[in-house]
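Numbering (our numbering), first residue to last: 431 to 588.
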């Protein structure tokens with residue numbers, strides 16, 4: 431784990447990534463000698479959770495493109511609804527439906543574009559982290575080079 435180059439290391443995720451055997455150690459923490467802790471349970475937990483989502487998935491980046499498709503599709507359906515209502519004779523202010531549909535459609539297209547750029551950034555981010563594709567626990571029948579750890583001979587993961 432020490433060889434992983436993580437700036438904002440999410441310890442629970444890194445331990446799971448390494449994948450070796452784990453165990454828990456139960457202990458009773460003695461009370462603080464003086465003063466009180468400054469850890470905010472709500473904000474600290476939010477920060478840890480966000481760090482876990484950002485470090486180990488590109489879900490937030492794909493979420494923007496998914497929202498873009500939903501908004502663009504919704505604007506298309508809204509255009510159909512406005513057309514049907516116009517055929518039934520429902521009065522609208524002049525140009526109002528056109529503006530609403532165009533703004534929603536272009537906003538959806540922008541979110542799709544941001545999502546596509548986000549996917550490229552996620553791929554670059556994965557390459558920069560240089561996580562190994564494989565972590566070898568034991569090797570039989572050969573010895574690693576003396577100057578380097580044998581884990582460094584594998585290219586970074588996707």
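Even for Gly, the Cβ is constructed at its ideal location relative to N, Cα and C.
Since the structure is predicted, the reported quantities are computational estimates derived from the model, not experimental observations.
Just to confirm my understanding: we take residue 571, look at its own chain, exclude 5 residues before and 5 after, and list those with CB closer than 7 angstroms. What are they?
By the criterion of a C-beta distance shorter than 7 angstroms, residue 571 is surrounded by no residue of its chain, once the five residues flanking it on both sides are discounted.
Which residue marks the beginning of the alpha helix (DSSP H) containing residue 496, and which one marks its end?
Counting along the chain, the alpha helix (DSSP H) containing residue 496 begins and ends at 489-517.
For the candidate residues 458, 484 and 456, whose alpha-carbon lies nearest to that of residue 551?
Checking every option, the nearest Cα to that of residue 551 belongs to 484.
Identify the continuous alpha helix (DSSP H) that holds residue 529 and give its terminal residues.
From DSSP, the alpha helix (DSSP H) with residue 529 extends over 526-559.
Could you give the DSSP three-state label for residue 481: helix, strand or coil?
Three-state DSSP puts residue 481 in a helix.
Contact check, residue 498 vs residue 548, beta carbons under 8 angstroms
Not closer than 8 angstroms, so no.
Nearest by alpha-carbon distance to residue 471: which of 532, 464 and 479 is it?
Comparing Cα positions, the closest option is 479.
Determine the DSSP secondary structure at residue 471, reduced to helix, strand or coil.
In the structure shown, residue 471 sits in a helix (DSSP, three-state: H, G or I).
Close Cβ partners of residue 495 (< 8 angstroms) along its chain, the five nearest in sequence each way excluded
These residues qualify, in order along the chain: 541, 542, 544, 545, 546, 548 and 549.
So, does the stretch 454-464 touch the stretch 503-521, judging by three or more C-beta pairs under 8 angstroms?
No: fewer than three Cβ pairs fall under 8 angstroms.
Roughly how many angstroms lie between the CA atoms of residue 524 and residue 530, to the nearest whole one?
Residue 524 and residue 530 have their C-alpha atoms roughly 12 angstroms apart.
Helix, strand or coil for residue 486 per DSSP?
Looking at residue 486 - three-state DSSP - the assignment turns out to be helix.
Do residue 501 and residue 537 have their C-beta atoms closer together than 8 angstroms?
Cβ distance < 8 angstroms, so residue 501 and residue 537 count as in contact.
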